[in-house]
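Protein chains: 2
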Amino acid sequence: MSRYDPSAFPPFAVTVDLVLLTVREHELCALLVRRGEPPFQGYWALPGGFVRPGEGLGEAASRELAEETGLRAHASPGQVMAGAHLEQLATYGHPQRDPRMRVVSVAHLALAPDLPTPKPGGDARGARWAPVSELLGPGRTDREPLAFDHELILADGVERARSKIEYSALATAFCPEEFTVGELRRVYEAVWGVVLDPRNFHRKVTGTPGFLVPSGGTTTRQGGRPAQLFKAGGATVLNPPMLRPES
Amino acid sequence: MSRYDPSAFPPFAVTVDLVLLTVREHELCALLVRRGEPPFQGYWALPGGFVRPGEGLGEAASRELAEETGLRAHASPGQVMAGAHLEQLATYGHPQRDPRMRVVSVAHLALAPDLPTPKPGGDARGARWAPVSELLGPGRTDREPLAFDHELILADGVERARSKIEYSALATAFCPEEFTVGELRRVYEAVWGVVLDPRNFHRKVTGTPGFLVPSGGTTTRQGGRPAQLFKAGGATVLNPPMLRPES
DNA sequence: GCAAAAGTGTTGAGAATACACCCATGT
DNA sequence: ACATGGGTGTATTCTCAACACTTTTGC
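Those protein sequence lines, which keep their order, are chains A and B. Read in full-length UniProt numbering, the first sequence has 154 at position 154, and its numbers run on one by one without any break. Read in full-length UniProt numbering, the second sequence has 2 at position 2, and its numbers run on one by one without any break.
The following block contains the structure:
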C-alpha cells in the first residue's frame, strides 16, 4: 500500500461545474444549459467543463463563468470582482456519477446581479434562468430531472447561498453596482423566501459598519419617496449577522 | 471547444488529505505523518493518499481515517460515528502543487477525541500530534514547513473547525462519549484560544435544547465537586449559537 | 388628494455579560 | 479547614421585533 506511487495512480477526469445564481423578478434563479451530447443529451445541466492541464480550479471556474456570462471574477479568496462573486462549493466524486468514466467535479458557487441578457449564449446550445423553486421545491414531482447529480449540487449551492448572506455581505453580489436598501431587502426576501420588516431592515443594514457606503445619489426607480443609493462597503463579514426569521 | 470529450480529457491524480484535529492538554492538535519518499521526503505532512478507482471521496477519507486512527466515520452528510466527525473541507488543485504530476487533493476535516495512542501508527513512518499553534502561529518563523500546500489546507481546516463549533454541536466530537460541562468548555477554550466564564457557559449549553443529554452518572476526575456526565444530544445545529468573545 | 415606498422613534421581550454566592468533593 | 471545580441567582446592558408615525415622490 505505497502512497503517491506515480507509476500506478488511477486516472480521473476533473471538471468544474457552476451553480450560478441571480435574483430575477423577486425569485432566486439558477443558470442551466441544455446538453447537446450524451450522456443526458437534451437534459438541463449546470454549466461546466473540463479543467485544462495548466489551469487551477478557480481559474477554470472563472473561465467558465466568463464564457457563460461575460463576467469576470476570481475564486481564490472568495472575492467579488466586476459584480460577481465566485467561491468553491464542494467536490462530487461518486464513482458512478458519470456513466462514461471516473469524473470528479469541483463545484463552484457564483452570485451575479440580474444580467441584461435573459438567455446568455456562451455556447450554441440553449441556456435559461430557472427559478430554483421549480427545480428543488418539495412539490412538483413532475419536474424534469437535471443531468448527472446536478440537482444535489444545486441544492448544496442554494443552501450555501442562503446561509452565507446571513453572516456575510454577499447579498450585495446580487445587486447592481449602485442599489437601494429596498432593493437589497428584496434580495434577502427572494433568497430566503420570507418577508422582512422594511424599517428594521433599513436600520440594521445601514447600522452595520462597512456593509453599505452611500454613493451620493438617489433614485425613484422603485416608486415612492426617493431612496438613497449605496455601494457595497469593504466589509466581508457581518457582525452582528442578519437574522433569518422563523428559525 | 467540445465539452466532455472522452477521448481528450486531461488525466489527473486525485487524492484525499485529512486535517485530523483533536484537543490534548488544553491545546488544539493536528495529526502529521512523516513522508518516507520524495518529494518532500522527511517533511511532515497531512495524512492522505490516492482515491481508489471504485471508491467515493468520502469513502476514501473514511478509509484513511481508519488506517490512521482505527476510528470509523462516514463523510457523506458530515456525520458523527464511533466518536469521530468527518466532513469534506475543500479541494486544492494548483497546477504545480505536486512537482511530479497534476494532483487534485480533496481535503477532509476530521474531529476526534483525545486518542489513547499518542503516536498512531497506521503506516510504518512516524506520526505525531502537533499543536496547531506551533504550525500556524504568526510567531515562530523558524518552524519547519509542511509538505506541499498542507500548511494552507491545515489553516483552512482549523478555521473551519473554529467557526463550526460556534453554530453546531460539533465540539462534542472532541470529547469522549461521556463528558462534563467543564470538559466541553475546555474544548471551546482550546479551539478558540480564549477563556470562557464557567457559569455562563454552563447555563448556555445546558439550556440549548438537544445539545447535551444527561447520562445519569457523575465524576470527580477534574477534582472539586462531582460533575454531571452528559452525552451528545441529537441536535446538530445550535440555536442560538455559542458566541466567541472579542469579535 | 392619494398611493407607495423611504426613513425615524419608541417600547417591551429576551439574551448576553459580569459577578456574588452556594454546593460537594479531595486532601 | 481549605482548595478546587460545579452549579444557581441576579442586575445591567444590549439587541431584536413590532408598530406608530413622518417624509417625499408619481399620478
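Ideal placement from N, C-alpha and C gives every residue a C-beta, glycine not left out.
In the three-state scheme derived from DSSP, where H, G and I count as helix and E and B as strand, residue 73 of chain B is classed as coil. Of all residues in the segment 92-116 of chain A, those with a C-beta nearer than 7 angstroms to a C-beta of chain B are 93, 94, 95, 100, 101, 102, 104 and 106, reading in chain order. The beta carbon of residue 222 of chain B sits no closer than 9 angstroms to any beta carbon of chain A. Within the segment 45-59 of chain A, those residues whose Cβ lies closer than 8 angstroms to any Cβ of chain B are, in chain order, 48, 49, 50, 51, 52, 53, 54, 55, 56 and 57. Distance from the CA atom of residue 58 of chain B to the CA atom of residue 182 of chain B, rounded to whole angstroms, is 33 angstroms. Under the Cβ criterion of 9 angstroms, residue 88 of chain A is counted among the residues facing chain B. In this structure, the CA atom of residue 227 of chain B is about 50 angstroms from the CA atom of residue 28 of chain A.
The criterion of a C-beta distance shorter than 9 angstroms is satisfied by residue 87 of chain B and residue 109 of chain B.
In the DSSP assignment, residue 136 of chain A falls within the alpha helix (DSSP H) that extends over 132-136.
Below the 8 angstroms Cβ cutoff, chain B contributes 11, 12 and 13 as neighbours of residue 11 of chain A, in chain order. Within the model, the alpha-carbon separation for residue 147 of chain B versus residue 67 of chain A is close to 35 angstroms.
Shown here, residue 43 of chain A sits in coil according to DSSP, grouped into three states, outside any helix or strand. Per DSSP, reduced to three states, the secondary structure at residue 199 of chain B is helical. Around residue 167 of chain B, the same chain offers 238 and 241 as residues with beta carbons nearer than 6 angstroms, after the five sequence neighbours per side are excluded.
For residue 238 of chain B, there is no enclosing alpha helix (DSSP H), since its DSSP letter is neither H nor E. Residue environment: residue 47 of chain B is assigned as buried (16 or more neighbouring CB atoms within 10 Å of its CB, all protein chains considered).
Residue 9 of chain B carries a coil assignment under DSSP once its states are collapsed to helix, strand and coil. By the neighbour-count criterion, in which a residue is buried when 16 or more other Cβ atoms sit within 10 angstroms of its Cβ, residue 141 of chain B is exposed. When Cβ pairs closer than 8 angstroms are counted between the two stretches, the segment 16-36 of chain A is seen to touch the segment 153-163 of chain A, the count reaching three or more. Bounds of the beta strand (DSSP E) holding residue 105 of chain B are 103-111. When DSSP reads this structure, residue 14 of chain B sits in a beta bridge with B:104. Within the model, the alpha-carbon separation for residue 69 of chain B versus residue 22 of chain A is close to 44 angstroms.
Going by DSSP, residue 157 of chain B is part of the alpha helix (DSSP H) stretching over 150-167. If you draw a 10 Å sphere on the C-beta of residue 113 of chain B, you find 16 or more other C-beta atoms in it, and that means buried. In this structure, DSSP gives residue 93 of chain A a state outside helix and strand, which the three-state scheme calls coil. Rounded to whole angstroms, the Cβ separation of residue 89 of chain B and residue 160 of chain B is 6 angstroms, and the two are in contact under 8 angstroms. In the DSSP assignment, residue 213 of chain B falls within the unbroken beta strand (DSSP E) covering 212-219. In its own chain, leaving out the 5 sequence neighbours on each side, no residue places its CB closer than 6 angstroms to the CB of residue 223 of chain A.
Around the CB of residue 215 of chain A, fewer than 16 other CB atoms lie within 10 Å, so the residue is classed as exposed.
In the three-state scheme derived from DSSP, where H, G and I count as helix and E and B as strand, residue 187 of chain B is classed as helix. Taking residue 164 of chain B as the centre and dropping the five residues before and after it, the same chain places the C-beta of 170 closer than 7 angstroms to its C-beta, in chain order.
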